[in-house]
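Protein chains in written order, with the working numbering: chain A, -17 to 52; chain B, 55 to 427.
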């Protein structure tokens, strides 16, 4: 179910937000838009599949422990 | 083309936004219950620590002389250093938005919907925030008027309906904790929620009238007042031990209140508070982050073109932020160390560079005026 929700969300963003405004975007902005959306969508899908991404909280706690020694 | 300055808001609306912002997650997460019955003293110390920091924020706005925050940062620091400073602030704003949404989804999962996955809750919460951002600061400020009425109204109702359960002896003994523990707790309250007002640095220039000092200090005063009421309500009703033990003390407090003998189980009202103030906090973080990112991408007037990628990015951060609720609460101990560079060090550097630039500008203008024609 989550996969369907994510696919619908991604398709919705492209159809409702990206395609109607594509003409007013410069080429670098279009590339940035599509790049960010695709990257985030891929990460979210992989996270749902069960790929063990490191959690930001875990990384930050480890860094703070190393830097501040707490 | 619309810019932030085309949608001015009044300073009173800005103060309301600061109150709702500070109210944000604290309404459910509680205000650092570690010092139990002494938490109210720590709150006052944290407010006192916040005064010089808020003074620096206001001074930065004063030095900008009505110009856009990120434009000034680029002018003062120059190309690459300015972009690094903006990137740091953007990261802080967007990750803060993600953390607030994660707090909300964990709260909903724990207290109301244990079987529902968190992603749909995060999407719905973030979509509303993204819509508010697309509608710009004026709509967020108008939403904050409604939001403040709702949250303060609910807070007053919860206080009045728990009066019968309050035990004044729960506040005793006063100053039971050692000074280092009190200072640590005060520092944590300073970092979360007071100094999170660094989010307002790009927004204050939207308040066309009124001094930034007044906006920040009025916001600090009223938000301290609101948090004080929350702390006292929780301590007096739950008692210090239960307040420390609970993950969501305000929610637990609302669970035991009754209005007469006919209206009980009104803890859902606390969830309404969290949704209203959490939405405001997330929207403001997203909006500030979007302003910074628009500056980095050199499209400052096309904010609505970049909101949806930012929405997806924050959703990703939100999903990847913590493993579970336990880590989320553990991270609160480390949060001040993570947030301090963004809340204090970066603004202090901006302030010092701003003072230096303003001084050199004044000196050069005096020299030009004194030169014989």
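From the three backbone atoms N, C-alpha and C, an ideal C-beta is built for every residue, glycine too.
So which residues on chain B does residue i lean against when the C-beta distance must stay under 9 Å?
| i | result |
| --- | --- |
| residue 15 of chain A | 359, 360, 362, 363 |
Would residue i count as contacting chain B if we go by Cβ distances under 8 Å?
| i | result |
| --- | --- |
| residue 7 of chain A | yes |
| residue 25 of chain A | yes |
| residue 18 of chain A | yes |
| residue 51 of chain A | no |
| residue -16 of chain A | yes |
| residue -3 of chain A | no |
| residue 46 of chain A | yes |
| residue 1 of chain A | no |
| residue 34 of chain A | no |
Could you pull the start and end residues of the alpha helix (DSSP H) that residue i belongs to?
| i | result |
| --- | --- |
| residue 421 of chain B | 400 to 424 |
| residue 9 of chain A | 9 to 31 |
| residue -4 of chain A | Here residue -4 of chain A belongs to no alpha helix (DSSP H), and DSSP marks it neither H nor E. |
| residue 51 of chain A | No alpha helix (DSSP H) holds residue 51 of chain A; DSSP gives it neither H nor E. |
| residue 35 of chain A | No alpha helix (DSSP H) holds residue 35 of chain A; DSSP gives it neither H nor E. |
| residue 287 of chain B | 266 to 292 |
| residue 381 of chain B | 379 to 394 |
| residue 334 of chain B | 322 to 350 |
| residue 305 of chain B | 303 to 309 |
| residue 78 of chain B | 65 to 83 |
| residue 92 of chain B | Where residue 92 of chain B is concerned, there is no enclosing alpha helix (DSSP H), given that its DSSP letter is neither H nor E. |
| residue 354 of chain B | Unbroken run through residue 354 of chain B: none, as it is neither H nor E. |
Any beta carbon from chain A within less than 8 Å of residue i's own beta carbon?
| i | result |
| --- | --- |
| residue 397 of chain B | no |
| residue 56 of chain B | With a pLDDT of only 47 at residue 56 of chain B, under the threshold of 50, the placement of this residue in the model should not be trusted; the figure read from the coordinates follows. Closer than 8 Å: no. |
| residue 210 of chain B | no |
| residue 381 of chain B | yes |
| residue 385 of chain B | yes |
| residue 391 of chain B | yes |
| residue 373 of chain B | yes |
| residue 75 of chain B | no |
| residue 369 of chain B | yes |
| residue 366 of chain B | yes |
| residue 158 of chain B | no |
| residue 388 of chain B | yes |
| residue 72 of chain B | no |
For residue i, go through chain B and note every residue whose CB falls closer than 8 Å to its CB, in chain order.
| i | result |
| --- | --- |
| residue 28 of chain A | None at all; the shortest Cβ gap to chain B is about 10 Å. |
| residue 102 of chain A | Given that chain A is displayed from residue -17 to residue 52, the structure contains no residue 102 of chain A and the question cannot be resolved. |
Using a C-beta to C-beta distance shorter than 7 Å, which residues of chain A count as neighbours of residue i?
| i | result |
| --- | --- |
| residue 235 of chain B | Here the premise fails: no neighbours, minimum Cβ distance about 15 Å. |
Anything in chain A within Cβ reach of residue i, meaning under 9 Å, just list it in chain order.
| i | result |
| --- | --- |
| residue 377 of chain B | 37, 39, 40 |
| residue 353 of chain B | 7, 8, 11 |
Does the beta carbon of residue i fall short of 7 Å from some heavy atom of the ligand MG?
| i | result |
| --- | --- |
| residue 222 of chain B | You won't find the ligand MG in this model; it holds no ligand whatsoever. |
So which residues of chain A does residue i contact, with C-beta pairs closer than 8 Å?
| i | result |
| --- | --- |
| residue 161 of chain B | Per Cβ cutoff of 8 Å: no residues; residue 161 of chain B is ~16 Å from chain A at best. |
Output yes if chain D places a C-beta closer than 8 Å to the C-beta of residue i; else output no.
| i | result |
| --- | --- |
| residue 11 of chain A | Protein chains in the displayed structure are A and B, and chain D is not among them. |
Task: Any beta strand (DSSP E) of 3 or more consecutive residues that is wholly inside the segment 223 to 263 of chain B - done: As far as the segment 223 to 263 of chain B is concerned, it has no whole beta strand (DSSP E) run of at least 3 residues.
Open item on the list: If we require 4 or more residues per run, which alpha helix (DSSP H) segments fall completely within the segment 96 to 141 of chain B?
Closed with: For secondary structure counted as the alpha helix (DSSP H) over 4 or more consecutive residues, the segment 96 to 141 of chain B holds these complete runs in sequence order: 123 to 131.
- [ ] Write down every uninterrupted run of the beta strand (DSSP E) in the segment 143 to 202 of chain B whose length is 3 residues or greater and which is fully enclosed by it, in chain order.
- [x] You should have found no qualifying run.
Task: Interfacial residues, the segment 270 to 300 of chain B to chain A, with Cβ spacing under 7 Å - done: Correct list: empty, as no residue qualifies.
Open item on the list: Please identify, using Cβ separations under 8 Å, the residues of the segment 170 to 188 of chain B that lie next to chain A, in order along the chain.
Closed with: Within the segment 170 to 188 of chain B, the residues whose Cβ lies closer than 8 Å to some Cβ of chain A are 171, 173, 174, 177, listed in chain order.
Task: Under 8 Å (Cβ pairs) to chain A, residues found in the segment 108 to 128 of chain B - done: Those residues of the segment 108 to 128 of chain B that come within reach of chain A (Cβ to Cβ, closer than 8 Å) do not exist; the list is empty.
Open item on the list: Using a Cβ-Cβ cutoff of 7 Å, what residues of the segment 244 to 267 of chain B are near chain A? List them in chain order.
Closed with: Cβ contacts with chain A: none found.
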